[in-house]
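Remarks on the structure that follows.
Residue numbers (this note's numbering), protein chains in the order written: chain A, 15 to 465; chain B, 15 to 465.
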């Protein structure tokens, strides 16, 4: 047994009291809104069969899956030849299970396994960690939380509207004002691909558009031309993509194809949202939004902070075929995902966490003797039962040691019990910042903290 | 890519909406009380270095650890000889990480890694899943939650008292009345071991006492005699162990050794709890309680349901040396753990879950036309914003289909919007059980559900 100082695996983190409290604060607001909007919770196991996970995230994804060694004598069914064939081959012989890579594939698996019990439309949320054997870097971890909500089995545009309202409510609840919800529609991008002469190459076209932020418009045009786009039309399309005026945009797209499904959806979507204009939703149609994932087929979203340099903090979109990979066709839906770590970083940078959430205590009780301590037993329970976050220094150490502890844990108040206090049932409340002391009865203390 | 129907790995579970809601109900009550008693949350990663986990749970535990294959070409640093040496050897070459087996070792690791930042006494709680490659059976899973609270760096008896009050509060909050908290003290068991002539063999003696429930007193006596116990004294000790009268018990133990640390603690513990006699804590000193884990050195607890056939639903105790395995000596503490799955089973069997927690909706809005649906957009949001759990059928399907859906999801009420309702701004609320219908304005509906 090694006694060397233990370490954490690279790319993983402990969340101590302060960070945990802040993360819980965000998660609670998201969860509250998921429930408010009628989503039910689903939890799936961290461990999935590799047959469920493999082939769902592309070749790179397969490599980033964490694989779990079979239990017991896992080599018993292997041969020297298996070993000689190398890691990739041997894995198929010695590892049947892996760690969840995202929440979407497990959700699809759940829907397929429970298709006869589920009533559609089915609204589920899921807030759980996922694991990726990626190279760790700033803001990228090997274990991180996803917070997803999906509505499957309904193609109605109300779903798109509702999820937009949900974004708005979550960020309002978090006090995060500087953000914009960007939306686009894959069908419009597909139309533009066709327009510039890239019919059948819509997905590579979208992948190039997705790079606009990173490599700039000149380079994107170059790449689209290299795909085989018509120079004049590419230039037109790029002008269109950079348009920010909603009406002008819609008009231009309709000039290309009036009946385009994407533009119809977008019109209905904005019309529906007009009913909620009092909410001042920070919304923008942005044709340059493409989203990396290939399975989106309809409206797509991204939420970006506007006063902090950072990528998107939420994303999502409509997909045609969630469960086709598991042999169940025709289940379409729409989903969104909140990026907990990035939202955390934005909240931290903008100083949006309320002070009191990271302060576990309102008051620590300190005392001068065993008898005072014992008296404190009842007092601390009275305060706790009234909802005051109170604790009691547990042993009758020297008062100086107790006050040192109070300073270290940064309790805002101490309550001092000596013999006089005990007899009078009136205790000394000390403000640890100002040093001010005041005699108070239990009821008055409760009044102070809860009143 | 296989299109065969996906499955779950053995011993793992999906928690769908109903089960998730019930589990959240229990977890929320436990967490609320952890916070009420001044514990701060800690979260550690699922993935730990195997060097942290191995050797901490005995040989059997080491075998039950889930090991994760190293990423990439994990065989590149192995030889044919490594392969020939077999699974156990090869594991050390190809797997550096494993899944968390419990919450205690990661907590100890955290304390050692953060010893200079932590102020002692340190009260932490942790509610997270753990993984064991155990043979699955009824009530035993390979992935399950633990809910732990520990106080480290304090030897004061108030900690023992406080954790007892916490047990009591959690079960009160859950409405679970039929249970008993059994306590014992390892020092008393060690004293009895010495008394029967088994000095130096205290731990095997405790292991035998631990079997009383399962194999009965005759067999335990036989085993203790086989360990080398004195026949007459073993018989005396067994009588003492079966005594249930607290005063008599204490008196008998004091006859053997008046200054025994265990009996001193027990006296102080019960004296302190006398102050809380109004709480009617269901508490019992039970000398036959031994607890399996070898690291307990002081008071030990177990909570057992009394009206359901089941083992303990909580356990815990005081330990001398949490972090010694990581080279940091002298950190003692006391911890308790709530068994979520078993508490769930007891709650289910006694029908203690409130009905409304598994009902995600108060009311589903149904409608007769696109215009009615669009009117419903605002109504559903008004209801949600007032705290009513409302949802809207998202598309203008036939009303029959909408009511079918309402039946399937078991919504207690529907709110019907037709043209008349829309114009009058008074909607038809239908009780789905009785079929009763009633015209109501939005304010009245809010009043009904929230009033």
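Even glycine gets a Cβ: it sits at the ideal position worked out from N, Cα and C.
- Rounded to whole angstroms, the gap between the alpha carbons of residue 450(A) and residue 438(A) is 20 Å.
- Bridge pairing for residue 163(B): 139(B), 350(B) [DSSP].
- Per DSSP, residue 312(A) lies in no alpha helix (DSSP H) segment; the continuous beta strand (DSSP E) that holds it begins and ends at 310 to 319.
- A residue is called buried when at least 16 other Cβ atoms come within 10 angstroms of its Cβ; residue 255(A) meets this threshold and is buried.
- Approximately 6 Å separates the beta-carbon atoms of residue 210(A) and residue 244(A); this is inside 8 Å, confirming the contact.
- Not flagged as an interface residue toward chain A: residue 106(B), since no C-beta distance is shorter than 8 Å.
- If you draw a straight line from the Cα of residue 369(B) to the Cα of residue 395(B), it is about 25 Å long.
- Per the Cβ contact rule, the segment 83 to 101 of chain A is not in contact with the segment 145 to 156 of chain A (fewer than 3 Cβ pairs under 8 Å).
- Considering only beta carbons, the part of the segment 167 to 190 of chain B lying closer than 9 Å to chain A consists of 168, 169, 170, 171, 172, 173, 175, 176, 179, 183, in chain order.
- Spatial neighbours of residue 380(B) in its own chain (CB-CB distance under 8 Å, excluding positions within 5 residues in sequence) are listed in chain order as 407, 413, 416, 417, 420, 428, 429, 430, 431.
- Per DSSP, reduced to three states, the secondary structure at residue 437(B) is helical.
- Residues of chain B whose Cβ lies closer than 9 Å to the Cβ of residue 87(A) are, in chain order, 100, 101, 102.
- Contact check for residue 181(A) and residue 195(A): beta-carbon distance about 5 Å, within the 8 Å limit, so the pair qualifies.
- If you look at residue 388(A), you'll find it isn't in any beta strand (DSSP E); it sits in the alpha helix (DSSP H) that goes 384 to 399.
- Against chain A, the beta carbon of residue 331(B) has no neighbour under 9 Å; the closest one sits roughly 17 Å away.
- At least one CB of chain B lies nearer than 8 Å to the CB of residue 21(A).
- With respect to chain B, the C-beta atom of residue 294(A) has no partner C-beta closer than 8 Å.
- At a cut-off of 8 Å between beta-carbon atoms, residue 109(B) makes contact with chain A.
- Taking C-alpha positions only, residue 246(B) is separated from residue 235(B) by approximately 11 Å.
- Under the three-state reduction of DSSP output, residue 367(A) falls in the coil class, being neither helix nor strand.
- Annotation for residue 155(B): 25 place their beta carbon closer than 6 Å to its own, counting only its chain and skipping 5 residues before and after.
- In the structure shown, the three-state DSSP call for residue 75(B) is helix.
- For residue 289(B), the chain A residues whose C-beta falls within less than 8 Å of its own C-beta are 388, 391, 392, listed in chain order.
- Residue 316(B) and residue 452(A) have their alpha carbons spaced roughly 42 Å apart.
- Counted as a single uninterrupted DSSP element, the stretch harbouring residue 43(B) is not any beta strand (DSSP E) but the alpha helix (DSSP H) occupying residues 31 to 50.
- Nearest to residue 278(A) by alpha-carbon distance, out of 52(A), 338(A), 356(A), 202(A), is 202(A).
- Beta-bridge partners assigned by DSSP to residue 196(B): 298(B), 316(B).
- Rounded to the nearest whole angstrom, the CA to CA distance from residue 250(A) to residue 456(B) is 50 Å.
- Cα atoms of residue 174(B) and residue 382(A): separation of roughly 21 Å, rounded to the nearest angstrom.
- Taking each of 338(A), 391(A), 258(A) in turn and checking the Cα distance to residue 288(B), the smallest one comes out for 391(A).
- Only 419, 422, 423 from the segment 418 to 430 of chain B bring a Cβ to less than 8 Å from some Cβ of chain A.
- The Cβ atoms of residue 159(B) and residue 354(B) sit closer than 8 Å to each other.
- Excluding the 5 residues flanking it on each side, residue 75(A) has same chain C-beta neighbours closer than 7 Å at 115, in chain order.
- Membership of residue 417(B) in the alpha helix (DSSP H) is indicated by the continuous run 413 to 422.
- At a cut-off of 8 Å between beta carbons, residue 370(B) makes no contact with chain A.
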